[in-house]
Amino acid sequence: MKMVFYIFIYFLTFFHETINQNLNISLGTVKIGIVLPNADPDLVYWQGYPNSAAAVTRALEVARKNNAILRNVNFEFIWTMNECVASEAAGELFNLINVQKVQVLFGPPCSNTANVATNIALYYNIPLYLFGITGLREITEISTYNVVTSVMPSYSGN
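Numbering (mature numbering (1 follows the signal peptide of the UniProt record, and there is no 0)) for the sequence shown: -20 to -1, 1 to 138.
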């Protein structure tokens, strides 16, 4: 057993640089599209860009600190502003998915735009993380909305 230990130590010493280089290889880039309000004071107060953008970037810092593999992943955020207008959200989400080539969506935080985003995410099979005051009780049906997650409880009352 002692011999195995010495061989292991020799291996680590001899191949230290190779092992270290492999641990620091980039695992690629994840493009995240984020849809937030930024102009309407009522919307901005609860779920707007100034507070939510800071929360997203801070959460990534904490995640990287607590999970070493995330340090080797590059995250690219593409911010889109929408004042909870469903028709505009549809076009913005189409742009994020088909032009910007995002792989994950965060938001939008309003129920009327979240409903649009949910259907678009299902169609394109892209993960969607809803937050804010969306209140979409329908997304609790996991078998139907398997790519959608809400990080806030439903406030629909039923």
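Glycine included, every Cβ here is placed at the ideal spot set by N, Cα and C.
If you're wondering where the values come from, they're calculated on a predicted model, not measured in any experiment.
Alpha carbon to alpha carbon, how far is residue j from residue i? Give it in angstroms, no decimals.
i: L102; j: K81; result: 16 Å
i: N18; j: N31; result: 10 Å
i: A43; j: C90; result: 26 Å
i: I58; j: N126; result: 23 Å
i: G87; j: L50; result: 22 Å
i: L73; j: N46; result: 31 Å
i: T93; j: S67; result: 8 Å
i: D22; j: V65; result: 14 Å
i: residue 140; j: K11; result: Since the displayed the chain opens at -20 and closes at 138, residue 140 lies outside it and no answer follows.
i: D20; j: A35; result: 19 Å
i: L76; j: G13; result: 6 Å
i: T60; j: L40; result: 19 Å
Compare the C-alpha of residue i against each of the options and name the closest.
i: V84; options: L110, A34, A35 and A33; result: L110
i: residue 154; options: Y29, V127, T129 and T98; result: Absent from the model: residue 154. The displayed extent of the chain is -20 to 138, so no value can be given.
i: G71; options: A35, V36 and V15; result: V15
i: I5; options: N46, N52, K11 and L76; result: N52
i: N78; options: I106, T9 and K45; result: I106
i: T9; options: N54, A48, L40 and A66; result: N54
Does residue i pass the burial test, meaning 16 or more other C-beta atoms within 10 Å, or should it be called exposed?
i: E56; result: exposed
i: I100; result: buried
i: T129; result: exposed
i: A69; result: buried
i: V131; result: exposed
List the DSSP bridge partners of residue i.
i: N54; result: T9
i: V127; result: DSSP, once it has assigned bridges, lists no residue as partnering V127.
Quick one: which unbroken alpha helix (DSSP H) runs of 4-plus residues sit fully inside the segment 31 to 106? Chain order, please. 66 to 78 and 91 to 104
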